[in-house]
Structure formats: structure tokens, C-alpha cells
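Student: Just so you know, the sequences run in chain order A and B. With the first letter of the first sequence counted as 1, position 188 gets the number 188 in full-length UniProt numbering; the numbers rise by one all the way through. With the first letter of the second sequence counted as 1, position 254 gets the number 254 in full-length UniProt numbering; the numbers rise by one all the way through. Even glycine gets a Cβ: it sits at the ideal position worked out from N, Cα and C.
Number of protein chains: 2
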Amino acid sequence: MARVYNFSAGPATLPVEVLEKAQADLLDWQGTGMSVMEMSHRGDAFVSIAEKATQDLRKLLNVPEGYSVLFLQGGAAGQFAGVPLNLMGSSQKADYIINGSWGKKAVKEAGKYGDAQVAANSAVDGAFTDVPARADWQLRDDAAYVHYTPNETIEGIEYPDVPDTGNVPLVGDWSSAFLSKPIDVSKYGVIYAGAQKNAGPAGVTMVIVRDDLMGNPQSGVPMVLDYKKQADADSMLNTPPCFAWYMAGLTFEWILANGGLEGMAERNQRKADKLYGFIDSSDFYSNPVAPQARSRMNVPFLLANDELNKTFLAQADEAGLCTLKGHRSVGGMRASIYNAMPEEGVDALIDFMRGFEKANG
Amino acid sequence: MARVYNFSAGPATLPVEVLEKAQADLLDWQGTGMSVMEMSHRGDAFVSIAEKATQDLRKLLNVPEGYSVLFLQGGAAGQFAGVPLNLMGSSQKADYIINGSWGKKAVKEAGKYGDAQVAANSAVDGAFTDVPARADWQLRDDAAYVHYTPNETIEGIEYPDVPDTGNVPLVGDWSSAFLSKPIDVSKYGVIYAGAQKNAGPAGVTMVIVRDDLMGNPQSGVPMVLDYKKQADADSMLNTPPCFAWYMAGLTFEWILANGGLEGMAERNQRKADKLYGFIDSSDFYSNPVAPQARSRMNVPFLLANDELNKTFLAQADEAGLCTLKGHRSVGGMRASIYNAMPEEGVDALIDFMRGFEKANG
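1) Along the chain, which unbroken stretches of the beta strand (DSSP E) at least 3 residues long are found entirely within the region 99-160 of chain A?
2) Shortest alpha-carbon distance to residue 164/B belongs to which of 86/B, 13/B, 149/B, 187/B?
3) Please list, in chain order, the chain A residues whose beta carbon lies closer than 9 Å to that of residue 240/B.
4) Please state if the CB of residue 337/A and the CB of residue 297/A are separated by a distance shorter than 8 Å.
5) Give the secondary structure of residue 354/A by DSSP, where H, G and I count as helix, E and B as strand, and everything else as coil.
6) Is residue 119/B closer than 8 Å to residue 137/B when the C-beta atoms are compared?
7) Mind checking whether residue 140/B and residue 197/B have CB atoms under 8 Å apart?
8) Should residue 160/A go down as buried or exposed, given a rule of 16 or more other Cβ atoms within 10 Å for buried?
9) What does residue 184/B touch in chain A if you count any residue whose Cβ is under 8 Å from its own?
10) Measure the Cβ-Cβ separation of residue 5/A and residue 303/A and say whether it is below 8 Å.
11) Measure the beta-carbon distance from residue 275/A to residue 346/A and round it to whole angstroms, keeping in mind my assumption that it falls under 8 Å.
12) Measuring alpha carbon to alpha carbon, tell me which residue in 326/A, 292/A, 108/A, 342/A is nearest residue 255/A.
13) Under 8 Å Cβ to Cβ from residue 333/A, same chain only, skipping five residues before and after it: list those, please.
14) Fully enclosed by the region 218-303 of chain A, which alpha helix (DSSP H) runs are 4 residues long or longer?
15) Identify the contact partners of residue 33/A in chain B, using a Cβ-Cβ distance below 8 Å as the criterion.
16) Assuming residue 58/B is part of the alpha helix (DSSP H), what are its boundary residues?
17) Is the shortest distance between the beta-carbon of residue 51/A and the beta-carbons of chain B less than 8 Å?
18) Provide the residue span of the alpha helix (DSSP H) that contains residue 18/A, from first to last.
19) Just the chain A side, please: which residues come within less than 7 Å of residue 363/B by C-beta, in chain order?
20) Under 9 Å, CB to CB, which of the residues in the region 81-92 of chain A have a partner in chain B?
21) Okay, do the region 53-64 of chain B and the region 276-295 of chain B touch, 3+ Cβ pairs below 8 Å being the bar?
22) Can you tell me whether residue 151/B is buried or exposed? The criterion is at least 16 other CB atoms within 10 Å of its CB, across all chains shown.
23) Counting contacts by CB-CB distance shorter than 8 Å, is residue 40/B in contact with chain A?
24) Got a sec: which bits of the region 220-235 of chain A sit with their beta carbon under 9 Å from any beta carbon on chain B, in order along the chain?
25) Residues of chain A with a CB under 9 Å from the CB of residue 247/B: which are they?
26) Excluding the 5 residues preceding and the 5 following residue 240/B in the sequence, name in chain order all residues of the same chain whose CB lies nearer than 7 Å to its CB.
27) Would you kindly work out how many angstroms separate the C-alpha atoms of residue 35/B and residue 229/A, rounded to a whole number?
28) Do residue 74/B and residue 74/A have their C-beta atoms closer together than 8 Å?
29) Who are the neighbours of residue 13/A on chain B, taking C-beta pairs under 8 Å?
30) Applying the 10 Å Cβ sphere with the 16-neighbour rule, what's the burial state of residue 211/B?
31) Using alpha carbons as the reference points, say which of 156/B, 148/B, 220/B lies closest to residue 331/B.
32) Which chain B residues are close to residue 194/A, counting only those with a beta carbon under 9 Å from its beta carbon?
33) May I have the straight-line CA-CA distance separating residue 129/B from residue 123/B, to the nearest angstrom?
34) Closest by CA to residue 246/A, which one among 215/A, 223/A, 214/A, 206/A?
35) In its own chain, which residues sit with a C-beta less than 8 Å from the C-beta of residue 105/A, not counting the 5 before and 5 after it?
36) Taking 8 Å as the CB-CB limit, is residue 109/B close to chain A?
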């Protein structure tokens, strides 16, 4: 079968150039006679791969001095514990802003380690269709940090800008919007992200942390989640997820070669505008999210008639438009259109949706 | 360059057939039109990969009913925390047997979560050359578990058999000997192992746990390390390290196709006997470990003249015999001869060593 357009929310489609490069080098990376998967993580070859990836990520995000960049295991869900374990500090308080499913999980996990308070929650009857208005955030001055989710993958809700939390460090779970546009890292205490959306395959998690926030973890922090120890060891306190790190590095190179984050942002906005524009122009498809909070990455949509869902998915699949089923908690469809989804994929999806509406609307 | 013989202690050489299969399917796994790295972990394709790998691992190890098999992130070092967090239970006591570097790290980490006692330690002047005699183990009847390291990767020390700890569950960090020979799983409470020795690439960690030991973790256990929660979610509480899991699955298939663990054990013993036999027959090379505790996986050896180390490594590298440098804490050389190291690789190493001795001895 030819390659399909894969709208999976994550793990997600990767740039075909990245996969081709990995394929070519799979048994012999650059004349070393071994696969990246077989290299000692302490050897010169892998260290050069890891350092290049780290430098490229710093370049992409323009990471300022005074921040460390870590490549860890455990996913963003691992950081739901990692953040409070490292940052809650002496006040043992943290404020969480909730605008979707992942934020809810994050605050629940943080509650194991201290007083994690929901400072704002945009749920209405359990459903999320917007971010909480900034005026409604009940922040505490003595909180160790404020945590929010810039893009909620399941509900398709994205913040249009970075909230200002004054002197309290801001922590963002950037997983599903990471590297989709420029980020002003200096506004954050911690940025973390699982790679498997815009930044590589599952299995590696990036954490960008302001150095002054490290070094005072709770006593029960597992060593693999200890930011300071990992920073001091260049993320190799133990064997890192070498191949996932390498694939992330190839993805960073691809982004740099394709206009950097400005290029990604421009293209992602265009793809999202096209798809939302089509949905809004139709009476058959709908998206419930407030326009100013619509995700450029994850576009959930409903059919006018729920009973057509299965037919829609089957016919889309046949047309090479795959993994469009919405999350069970939201229903309907979801098209994730990350960096690596070409504009042609979005065009093909819209064409298909138009045809399906014509036949069934 | 042609493929080399790679004696890395981990990440380590993989079966070439496994790499070739992964390479062939890298952009399109079995006609799905996508890479394994791009698949939703909830989709039918990846679920079938994960289930097959799990079943094959159960088959290889003959895992009895009443044990769960988990595929987690964070490495064995993550389990240094995972084990006490899940198992220390009401007594808050655990006994650790120390016969090398990894056991020392494990007991240090466990000390964060309760009374982790060194019950035996075979170090003499800080160096390990044997396992502690069973008669010297100071075990406590009310310990929640006894932890030991069946194979110490750095010192090259391996237990010839499984210690009997009576009613106290036995926990083994099997990382560097996992799948190198049959294991009687029923003698264990928990077996855990990073994949990157005999079982795949770095980035996935297997945990085999007796079901009655799960479900009573410490309150601070990160959800990603919670055995019961992960078991209930088929190791997909969050996005798993999909590609590493898949590669581990291909490796299990390769082991099954090559005689299973009996076949591995037979071949590994023959390789080790050859190499130790040559070292013992030479006045130029030496291995300090007590013969009954010599590792079949990791063979450290010293040259009679330390000053020749660099020359040895450079010439070996030129001969396509790579990653032979010993760990800095031990010095000298180390040849790791895991499942995927062909017997021809060991033969080539011995030939090279013989020639080097002739030229320099």
C-alpha cells in the first residue's frame, strides 16, 4: 500500500524524509557499522547525535541561557509527577488551570505531592469548549507554580497566547502543540512535551526547565525524574531512549530545513484555517469550540447524523485518510494536523468530507 | 563500512535479521501505509503488535498464570524506585544483596522510600569479584522483599542459580542477563529488565510481577510507575514507547526462531567458555572474577600492561571489533557477548587477542 494520510492524534505522522533517512541508516549509521539502536550511549557517535539534537532544539525554540533542556522517559504523564516532585518546593502549593482532559489528569497526579488546587476550570456540564477567562483564575501568590495545558489534544482547545502569571513560574504541558509555532521560553518556568505529536516518535519527553527551579526536589523523587540530576548528567543518568532521541533530532533538522518554527506556524495556520473554514461553511459538519480557542493541531468535528460515523470512517479509510475517529469521551471525528501533515492531506480530507456530505447530507 | 562486531554493554548489538525486518517495514508496516512509529497506540495495528510481543515474552519465559507482564519506560533505574514504591507495603522494609555497581544504586534509591538494608555485600576493598555467600545473607523475615542483581554488567558477575529466600518475595534486576537463559519465574516476586542488552533497544523496560504484590503502592507513586494501574491498562496508561516495544517483539520472535531460551543458553555458554578459556590460558590477559560467578554476558579483562590499553582498543576498532573499553570504575576491557553476538564475533575477538599478545606480550 502507498503511504496514507494519517490523522492520528499521537503517535502521529512523521515527515517522510525523516523516516527515509532513518531507514537508510538503520543498519549502519554513517559508516559506524552499527545501528543507532546498538550504540553505547556513552560513545562518541551517540553523544554527537544527542548533542546535535539538543543544540537544534535550543536553536528552534531560541532557548535562553539559564534554561536546561532534558530528554527523558515516561511521557508527559510522567511529568505530571515530575513537575510537582521537582518544583513544589517549600510552599507545597501549586495552581492548575483546567481546560480539558489532560489538565484534569495533571492536577489529580499533582495532588499526590502537595496542595494542588484547581485555580480555574472551563468545563460546562463536564464538557470543554473554551479556555477559562483570565479574569476567573484564582491564583495564589505563594503557589510554587501555575500549570496549564496550551493545547488540549482531545477537545481541540488551544490558548491563543501565553498567560501572564506574574512572579509565579508558569508551567506548560506543550505536548500537542510543541514545535508547531515559536514559543517565548522566557515566559516559562518549565515547558514539557511528549515527542509523539510534532517532535518525533513516542518514547522521549522533552523538559525545558529554568535552572533556578531545579535542585530542591521532594525527597521521594525517583532519580530518573530528578531534573537537576538529569541536567548534570546531560540526560544520561541512566540509559536514555536513544533511538527516540535520534528520531527527534532528525525531526528537528527537518523543521529547521523547512522554515523553522515560523515556517511551521504559517503552514499550520493555513491548514487549520482551511479545515475550520470548510466545517463552518457546512451544515453537515460542526466543531463546538469557541473560535478564539480552536486548536490548530487537533480539529474535532461532528457529523449532523451520528449514525453515519462508522460509514464515514470506513470510506475515509478506503480513501487513504486514516485514524480520524474522535476520542471516545468527545465522540465524532478528530483530524490531527501536526507539522508533518502536508497541506495536500488537509485538502484531500476536505475533498472527501465535501463528497461525503453530498452523498449523505 | 560493513557491520562490525559490537561488544557494547548496552545499548548492544541486535540480531541483523531484526534490524533488516524493521528497516523493510519502516515506512509502511504490513500494508498499513504507516510506520510503527506513526501508529496510534490505541489502534488495531499497534495493539496487535503489543499483544504479540507480550504473548511471545510469556511463551519464552513460560510465565505462569498469576503474573502480569508490563512494558514500561524509565529503564531499570526507574524500577529502582518502582519496586519499593509498589512493594514495600506495610513493613516498609526491604533487604538488598549487593554484588556490584547496579545493586549499590538500587539500594540507595530504595532508601528514599523506606528501610532498605544491605543484607549482604561481597565488596572487598570496594571491588567486586564474587557474589556474597548465601550463609552470610542477613535477611529479615518481615522484609517486604529481597532484591538482588543476577548479573552485574560492570563487574561481570553472575549468579549461577536462583537464591532461595523462603516466604519473602525475591526481586531480580535481570537487565543484563534477561532472556539469555531460561528463568524459573515462579521463584520471583518481580523480575525487571531494561531491554537494551538481550531484548531490544533502549527505551522499554519489562516488569514481570506476581499479581498479589500489586495494588498497595505508596501514596507517592507516579502513575506511570504504578504496577496495578499499568497492568489494568495493558501498559498503556499513557502512550507507551511504541517502537522500542515493537523492536523488543521482533527480538522475541528471533529468539523463538533460534531455539528459544534453551538455544540462547547453550550458545551463550559456549561463547563464554571459549573466551574465559582463552583468557585463563594466557599470561597476558586476566579476569579477576571467581570462576563460579563469572558472567556469561559481560567479560571484563585486563592486559598485563595497562599502557597498552589504548593501542589495544585502537587496533581492535580497526579490525571491526568495537566498544571493548571497560567501564571506568573497573578499567581494562569488557566484551559483552549477549544473545545477538554471533559465535564468529567471539572467535574473531579471540584471534585478535591472540595476535595482539604475540605482538606485545
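Tutor: For this structure:
1) 115-121, 146-148
2) 187/B
3) 75, 202, 203
4) Yes, the Cβ-Cβ distance between residue 297/A and residue 337/A is below 8 Å.
5) Residue 354/A falls in the helix class under three-state DSSP.
6) yes
7) When the beta-carbon positions are compared, residue 140/B and residue 197/B stay at least 8 Å from each other.
8) Around the beta carbon of residue 160/A, a 10 Å sphere encloses fewer than 16 other beta carbons of the protein chains shown; the residue is thus reported as exposed.
9) Near residue 184/B there are no residues of chain A at all, since even the closest Cβ is about 27 Å away, more than 8 Å.
10) no
11) Separation of the CB atoms of residue 275/A and residue 346/A is rounded to 6 Å, and the pair is thereby assigned contact status at 8 Å.
12) Answer by Cα proximity: 342/A.
13) Same-chain partners within the cutoff: 300, 301, 302, 303, 309, 312, 313, 324, 325, 326.
14) 227-232, 242-257, 260-281
15) 1, 2, 3, 4, 6, 320, 322
16) Per DSSP, residue 58/B is one residue of the alpha helix (DSSP H) stretching across 44-61.
17) no
18) 16-24
19) Chain B is shown only over 1 to 361; residue 363/B falls outside these bounds and no answer can be derived.
20) 81, 82, 85
21) no
22) buried
23) yes
24) 220, 221, 222, 223, 224, 225
25) Those within 9 Å of residue 247/B in chain A are 37, 243.
26) 41, 71
27) 34 Å
28) yes
29) 34, 38
30) exposed
31) 156/B
32) 238, 239
33) Approximately 8 Å, taken between the alpha carbons.
34) 206/A
35) Only 77, 80 meet the Cβ criterion.
36) yes
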